[in-house]
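Sequence order for the protein chains is A and B.
Position in the first sequence counted from 1, then plus 4, gives you the numbering used here.
Position in the second sequence counted from 1, then plus 4, gives you the numbering used here.
In what follows, a single structure is set out as structure tokens and then discussed.
Number of protein chains: 2
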Amino acid sequence: MTARGVFTRHGLRHTRQRQAIYEALAATKEHPTADELFRMVSPRTPGLSLATVYNTLEAFCEVGLAMRIASTSNGKRGTGSARYDATVDNHLHLRCQQTGAVIDVPDELSQRLLDRIPSELLAELEAKLGFKVEQVQIEFVGCFDGGHTKA
Amino acid sequence: MTARGVFTRHGLRHTRQRQAIYEALAATKEHPTADELFRMVSPRTPGLSLATVYNTLEAFCEVGLAMRIASTSNGKRGTGSARYDATVDNHLHLRCQQTGAVIDVPDELSQRLLDRIPSELLAELEAKLGFKVEQVQIEFVGCFDGGHTKA
DNA sequence: GTACGTGCAAAATGTTTGCATCATT
DNA sequence: AATGATGCAAACATTTTGCACGTAC
Numbered sequence: 005m006t007a008r009g010v011f012t013r014h015g016l017r018h019t020r021q022r023q024a025i026y027e028a029l030a031a032t033k034e035h036p037t038a039d040e041l042f043r044m045v046s047p048r049t050p051g052l053s054l055a056t057v058y059n060t061l062e063a064f065c066e067v068g069l070a071m072r073i074a075s076t077s078n079g080k081r082g083t084g085s086a087r088y089d090a091t092v093d094n095h096l097h098l099r100c101q102q103t104g105a106v107i108d109v110p111d112e113l114s115q116r117l118l119d120r121i122p123s124e125l126l127a128e129l130e131a132k133l134g135f136k137v138e139q140v141q142i143e144f145v146g147c148f149d150g151g152h153t154k155a
Numbered sequence: 005m006t007a008r009g010v011f012t013r014h015g016l017r018h019t020r021q022r023q024a025i026y027e028a029l030a031a032t033k034e035h036p037t038a039d040e041l042f043r044m045v046s047p048r049t050p051g052l053s054l055a056t057v058y059n060t061l062e063a064f065c066e067v068g069l070a071m072r073i074a075s076t077s078n079g080k081r082g083t084g085s086a087r088y089d090a091t092v093d094n095h096l097h098l099r100c101q102q103t104g105a106v107i108d109v110p111d112e113l114s115q116r117l118l119d120r121i122p123s124e125l126l127a128e129l130e131a132k133l134g135f136k137v138e139q140v141q142i143e144f145v146g147c148f149d150g151g152h153t154k155a
């Protein structure tokens with residue numbers, strides 16, 4: 005499916021900027037922040053502005069083309085930036101405590117864990133608490149041996 | 005255990021402010037933001053400043069007395085504030101998509117799900133990816149029937 | 001008495017918005 | 001032509017920090 009097609013199907017206009025941002029986000033297995041994405045895409049997209057990256061990512065999230073991943077901390081103390089993920093189906097994340105980097109758990113492992121979540125449990129949550137679960141987010145927080153962040 | 009004792013054991017000095025903040029955080033099942041906590045505690049703690057609430061919460065997180073919970077969004081678009089949780093053992097959270105509120109999943113349900121995470125799976129993660137898991141964070145994102153946020 | 005915590009206001013992020021202009025439909 | 005996207009700069013919200021003072025040990 006062409007990027008243009010993806011946008012149209014989701015009711016978004018096609019622009020150079022959106023295409024570049026979408027391609028970059030879909031291509032990486034890391035989960036870049038808006039700023040990282042800006043720096044990745046900017047050289048190939050003259051005149052791109054950071055605000056557009058934010059707006060575009062927000063638009064993607066609204067139509068379900070991307071997901072925002074919150075950050076507890078960016079390595080040291082403090083709040084980090086949001087990260088974005090073009091993979092929309094449920095999957096697990098690994099978050100590095102030191103750097104704040106987030107990468108995917110390999111599909112096979114993700115699936116094995118997700119398969120073990122009993123659906124009665126979700127049903128019970130809905131029944132007991134009146135809460136409709138739309139999405140399950142699972143994250144393993146820890147660190148890479150030696151502190152590097154690439155898998 | 006007296007609050008003073010808890011602090012001492014964790015190498016923190018005891019102050020009126022810290023005690024008040026800790027008590028408030030430990031007493032609630034909701035997971036307040038720094039600002040919410042400030043407004044809860046402030047009336048009973050003359051001259052408390054928001055900066056102290058932030059500093060204190062950060063100190064608590066560092067010694068393991070509290071946890072920071074990141075927020076993807078605060079209901080509508082945008083970044084919300086971090087939330088804090090005095091319950092340190094692994095448990096699950098419910099996050100309301102509309103309001104950003106976070107509450108705990110009842111222990112019984114939490115435990116049932118956590119028990120189903122095979123420990124070989126964690127071992128495999130460590131072996132295959134060289135990632136040491138310190139903490140598992142699980143969150144159900146969705147909404148309460150009717151959009152209210154109290155359980 | 002010393003080291004650490006506090007309060008204030010100012011700085012540092014990270015993110016959103018108003019508005020004029022430009023591109024897509 | 002009309003609607004919506006972009007870019008810039010300014011506004012915003014959240015969190016952190018520098019410094020003078022106060023307090024716990």
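Cβ atoms here follow ideal geometry from the backbone N, Cα and C, with glycine treated the same way.
Computed from a predicted structure; not experimentally measured.
Tell me which residues share the same chain as residue i and place their Cβ nearer than 8 Å to its Cβ, disregarding the 5 neighbours each side in the sequence.
i      : result
A/R17  : F11
B/S46  : L52
B/L129 : F135, V137
B/R20  : T49
B/I121 : V140
Using C-beta distances below 6 Å, list every residue in its chain close to residue i, excluding the 5 sequence neighbours before and after it, in chain order.
i     : result
B/F42 : L54, V57
B/A30 : A90
Taking residue i as the reference, give the member of the options with the closest Cα.
i      : options                      : result
A/R87  : A/D93, A/A70, A/D119, A/L117 : A/A70
B/H14  : B/K132, B/R72, B/V67, B/Y26  : B/V67
B/R48  : B/N59, B/D93, B/R22          : B/R22
A/V92  : A/K33, A/L126, A/S123        : A/K33
B/D149 : A/F144, A/L133, A/D149       : A/L133
A/L117 : A/A131, A/L129, A/I142       : A/I142
A/E138 : B/N94, B/D39, B/Q101         : B/Q101
B/H35  : B/A7, B/L98, B/T60, B/C147   : B/L98
B/P110 : A/I107, A/L96, A/N59, A/L126 : A/L126
B/C147 : B/A131, B/Y26, B/E27, B/V106 : B/V106
A/V145 : B/D119, B/N94, B/Q115        : B/N94
A/N59  : A/E112, A/E124, A/Y26        : A/Y26
B/T76  : B/T103, B/Q115, B/E62, B/M5  : B/T103
B/F64  : B/A7, B/L113, B/M44, B/S114  : B/A7
Could you give the DSSP three-state label for residue i: helix, strand or coil?
i      : result
A/T19  : coil
A/V92  : coil
A/M44  : helix
A/L52  : coil
A/R120 : coil
A/F11  : helix
B/Q102 : coil
B/T60  : helix
A/T153 : Residue placement at A/T153 is poorly supported in this model, since its pLDDT is 40, which falls under 50; the coordinates still yield a value, given next. It is coil, neither helix nor strand.
Who does residue i pair with in a DSSP beta bridge?
i      : result
B/F148 : A/F135
A/H97  : A/D108, A/E143
B/E34  : B/I107
B/M71  : B/D89
I want to check one thing, is the minimum distance from the CB of residue i to the heavy atoms of the ligand MN below 7 Å?
i     : result
A/G68 : No copy of the ligand MN appears in this structure; indeed no ligand is present at all.
Can you list, in chain order, the residues of its chain with a C-beta nearer than 7 Å to that of residue i? Leave out the 5 residues immediately preceding and following it.
i     : result
B/D89 : H35, A70, M71, I73
message = Against chain B, which members of the region 15-28 of chain A pass a CB distance test of less than 9 Å?
response = Against chain B - using a Cβ distance shorter than 9 Å - the region 15-28 of chain A contributes no residues.
task = Could you please tell me which residues of the region 85-103 of chain B, in chain order, have their CB closer than 7 Å to any CB of chain A?
result = Listed by position along the chain: A86, L98, Q101.
ask   = What residues in the region 109-129 of chain B bring their beta carbon closer than 9 Å to a beta carbon of chain A?
value = Sequence-ordered contacts of the region 109-129 of chain B with chain A read V109, P110, L113, R116, L117, R120, I121, P122, L125, L126, E128, L129 [C-beta pairs closer than 9 Å].
ask   = Between the region 132-152 of chain A and chain B, which residues of the former have a C-beta closer than 7 Å to a C-beta of the latter?
value = Of all residues in the region 132-152 of chain A, only L133, G134, F135, K136, V137, E138, Q139, V140, Q141, I142, E143, F144, V145, G146, C147, F148, D149 place a beta-carbon less than 7 Å from a beta-carbon of chain B.
request  = Compile a chain-ordered list of the residues in the region 60-76 of chain A whose CB is closer than 9 Å to at least one CB of chain B.
outcome  = Residues of the region 60-76 of chain A with a C-beta atom less than 9 Å from some C-beta of chain B are E62, C65, E66, M71, R72, I73, A74, S75, T76, listed in chain order.
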